[in-house]
Each structure stands twice: as C-alpha cells, then as structure tokens.
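For my numbering, add 611 to where a residue sits in the sequence shown, where the first one is 1. Beta carbons are placed, not taken as given, at the ideal position from N, Cα and C, and that holds for glycine. The structure appears right after this line, and notes come after that.
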Amino acid sequence: EFTAAGLTILERQLLTLYRAGIRVVHVDAAFAPEAVARARTEKMPGDLQIRWKSSPAQPARTRAPHLVVSGNHLIRPKVVGALVDGTRLHPQTLAYTDEARREVMRLVIDSQEALTGAPPPPRRLTDEHCLFLPPSRHPREALTWLLRDAGKSGDGWMAKYFDRNISLRITRRLLQTPLKPNHMTLVSTGIGLLGALQFLGTTHASEVLGASLVWLHTVLDGCDGEMARLTFQESRWGRFLDFWGDNVVHVALFACLSLDFSHEAPLAVWAGALACAGTVASAGYAYWLSSSRADARGETAAFDPTEIVPDKNGKIGWLGRLEILLARRDFIYLLVLATAIDLPLWFLYAAGVGAPVYFFLLLLLHRTTALGEPAAGQPSSRAQESRPVTSSRPISIRAKAP
C-alpha cells in the first residue's frame, strides 16, 4: 500500500480536504478495502463526515457547490484551501488540470450548468502544486515532493538555505521512526539547554561546544514543525511546547553567559538580566496576544505566536518587517562566530540591548496595528496559510479513487 510520511493516499486526501475547511466527503469505492477500513478508524477528525460509495456506479448525492478531487494526485493543502475560500468568487464550474492535462480538481458551482453548459477552459496547476501518482511512482519521490513544502515562509536567509536543508534530511529519516513532533521538540530543547550549560565551563573549548549545541538545537527545532505539517499533527499544545522550549533555551543561554563573565565583567550581569527579562517579556506578550486573537476568531487548532497582524490596509508596515527580521533565529550564527573568535561576551552585550528593544517594538507594533486588526472570524494574512476556512454553505466533496 502506497504511503508517504506515514499516511496513505486516501488518508492524506481526507486530511488535506479537512484542512481546507471541508467537512463532508464522498469517497469512490475503488479504493482498496484495507485503505478504507484504516481511514475509517484512524487519524480522521471526529467532525469529518466520510460517505463511502458501495460501487463506482453508485451516484454521489452531492449538491452544488461541490468539489471533485482526483485520487491520482497529491495536492498542496494551500491550493485546495484557496479554491474553497474563493468559492463565492467563481460564477461557474471551474476545472484544474496538471501539466499533462489530467484533471486534478473540478469545482461545480451549479449542477445543472455542469450537465448542460459548455465547460470553461481548465486552469493549469504546476508540478509544484500537485503531484501525479502513477503505479510506478516510488513513495520516496512523493516524500521528496512533500518535503519541499514543509518549511516556513518566515525563515531567515540562513534558516532557509542552510538550516532547512539539514533539518529536512533529518526529518525524512525521523518519519520512518515512532517519534512524534512533540518528542523532537523535547529532544531539541534538551540539546539547547545542554549547550547553554557548557558556557559555565572555564575553557574556550567548552564555549565552542556550547555554541555548537545551541546551533544544533535550532536546526533540530525545525524538525518538529516539519513533521507536524507533513503528518497533519499541528496542535496548540505542540505550538506551546515548541514556542516556550525555544525561549527557555534562550533564557538559559543568556543566564549562563552572564554567570560565566560575572567575575571579569560587571556589566555582564546587567546585560544578562536585560536579555533574560526582554526575552521573557517578549515571549509572554507575543503568546498572550496570539492566543487572544485565536480565541477571538474562534480557532481551536494551532496558532502561530509569531504571527504579525497587518495594518488596516492589509499590509505589514516597516515595524512589522523589522519585528519579523529580529525574530528570526539567524542570530544564533552571531553566537557561533563570536564564540569561535573568543568574544561571546560581546554577543551577550548585544543581546542585552536587542532583547528589550525587541519587546518595545512588539508593544509599539501592536499599538499601531490595533485599529487595523481583522474582525472576529477573519484571519490575518499569515494565519490564512494554516487556518481552515469553512464556507458558510456546506461543500460536499467527492474524492475519486485512482
């Protein structure tokens, strides 16, 4: 049975549709009985209604608007979500094909029109948006395609072009183990704390080892999110664990650096205190703010504590862009460089200034965007990437089997 990242084609199809806000799915009977039985009992959300056709000839009792999805393709969740979200904007039936002109999705707005009217020209999806799954396709190829979309849009330059290349290779292997995303969060947090403790040593070698372990923590910290996104296991608890695990490591790092240099540099204690206070204040405020926004929108799933709300014009201003820049974890490379040339104290001084500045930027940013926050039930621009969009009118889905 074809599986990719621990999910069969049918399971991934159902979870992709659910992520897009779809709650009713009609499934053709051509799927293997064991795949049907597994999808009925495992991994499916409780409010997803799956209606199984007993034979291919049995018509699916769906009403417009509904979406027909190929069982021969993997489709990016954001592609399905964008189509469902824009249902009201489509005046007529709309079809999507892959680059070889095989149908991938068909959105039926009016059932009568679909039977009698001339269909409009199909729109083309690139190989980046969907993947055809012939019998000869190896699961390894499908996993490679899935991994290409496992990163985060907010990654910094080093994270995107260096850290992600390493973490994705590790994630590929972790998916073959019983480890869950939260397990990796705990592992990476433990490695980061171990690295921070190395700065209590008295030798340059221990400091270099500590910086290396903290860097390894940042790389492995990407694995939990990649695993969660690939296996549809995002959760509020996972976000909580990941977010606070990172910040605990950062506080431990600043505290240990401060203790290490407290005897030879009196300012190190103040720098460490400011860095720790700024980190805790920023993390607490960001988490409270994002949690409040998620509750106001009625979200029960995962939310992003680093979410930036656009202004009243729907744009992220210079303050938001600066906040995003400062929030990126590329600063860890400054720690590695400073430690390599035996100047970690200067990194601590920079953190003692940067962490409080970052906190005040958060306060200022929230004040300038407060009047431009989305109304209740309307997501911000970044939240739209991951939050399911449920139409006000039920949308029935018929998933065609291979």
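Alpha carbon to alpha carbon, what distance is there between residue j and residue i?
i: P733; j: A706; result: 5 Å
i: L625; j: T614; result: 14 Å
i: A897; j: D871; result: 29 Å
i: S893; j: Y969; result: 7 Å
i: T813; j: H740; result: 53 Å
i: E837; j: R780; result: 11 Å
i: L659; j: G856; result: 32 Å
i: A888; j: A962; result: 11 Å
i: R713; j: V680; result: 12 Å
i: I661; j: E845; result: 22 Å
i: V1014; j: L678; result: Absent from the structure is residue 1014, since the part of the chain shown begins at 612 and ends at 1013.
i: H874; j: A807; result: 18 Å
i: W957; j: R751; result: 46 Å
i: S901; j: F971; result: 17 Å
i: R1027; j: V635; result: Nothing can be reported for residue 1027, as the shown portion of the chain is limited to 612 through 1013.
i: R717; j: T842; result: 25 Å
i: Q989; j: D906; result: With a pLDDT of 42 at Q989, under the threshold of 50, the predicted position of this residue should be treated as unreliable, and no value is reported.
i: D953; j: A876; result: 15 Å
i: L852; j: L797; result: 8 Å
i: G895; j: F854; result: 10 Å
i: P731; j: P745; result: 27 Å
i: P676; j: A693; result: 15 Å
i: A987; j: K689; result: Caution is warranted here: a pLDDT of 36 is assigned to A987, below 50, making its placement in the model unreliable, and the coordinate value is therefore given only provisionally. Answer to the nearest angstrom: the Cα atoms are 22 Å apart.
i: D835; j: A711; result: 35 Å
i: M655; j: T800; result: 30 Å
i: A994; j: W899; result: Interpretation of A994 is limited by its pLDDT of 37, a score under 50 that renders its predicted location unreliable; no figure is taken from the coordinates.
At a cut-off of 8 Å, is residue i close to the ligand NAD when judged by its beta-carbon and the heavy atoms of the ligand?
i: R713; result: With respect to the ligand NAD, the structure shown offers nothing to examine, as it has no ligands at all.
Is the beta carbon of residue i less than 9 Å from the beta carbon of residue j?
i: D782; j: I943; result: Sequence inspection shows Thr at residue 782; the Asp mentioned does not correspond to that position. Not in contact: T782 and I943 (Cβ atoms no closer than 9 Å).
i: L685; j: A753; result: yes
i: L885; j: P955; result: no
i: F773; j: N683; result: no
i: G803; j: V860; result: yes
i: G849; j: P789; result: no
i: T737; j: V719; result: no
i: G657; j: L786; result: no
i: V691; j: L758; result: no
i: D709; j: R735; result: yes
i: L824; j: M795; result: no
i: W768; j: D941; result: yes
To which residues of the same chain is residue i closer than 7 Å at the C-beta, ignoring the five residues directly before and after it?
i: V819; result: T950 and A951
i: V826; result: Per the sequence shown, the amino acid found at residue 826 is Trp instead of Val. Result list for W826: I943 and V947, in chain order.
i: R840; result: A761
i: L930; result: With a pLDDT of 49 at L930, under the threshold of 50, the predicted position of this residue should be treated as unreliable, though the coordinate-derived value follows. The residues are L972, L975, L976 and T979.
i: H815; result: D953
i: S817; result: Q809
i: L811; result: C867, L870 and D871
i: R748; result: none
i: R784; result: none
Which residues in the same chain have their Cβ closer than 6 Å to the Cβ of residue i, if we skip the five residues on either side of it in sequence?
i: W756; result: L742
i: G965; result: none
i: A822; result: L946, V947 and T950
i: L805; result: L824
i: G925; result: Residue placement at G925 is flagged as unreliable, the pLDDT there being 49, under the threshold of 50; the coordinate-derived value follows with that caveat. Nothing meets the Cβ criterion.
Tell me which residues share the same chain as residue i and place their Cβ nearer than 8 Å to its Cβ, disregarding the 5 neighbours each side in the sequence.
i: L959; result: F865, L868, S869, F872, A879, A882, G883 and A886
i: V891; result: N858 and V862
i: I777; result: V830
Which runs of the alpha helix (DSSP H) fall wholly inside the stretch 708 to 794 and span at least 4 residues, in chain order? Taking 4 residues as the minimum length, the alpha helix (DSSP H) runs contained wholly in the stretch 708 to 794 are 722 to 727, 750 to 758 and 775 to 785, in order along the chain.
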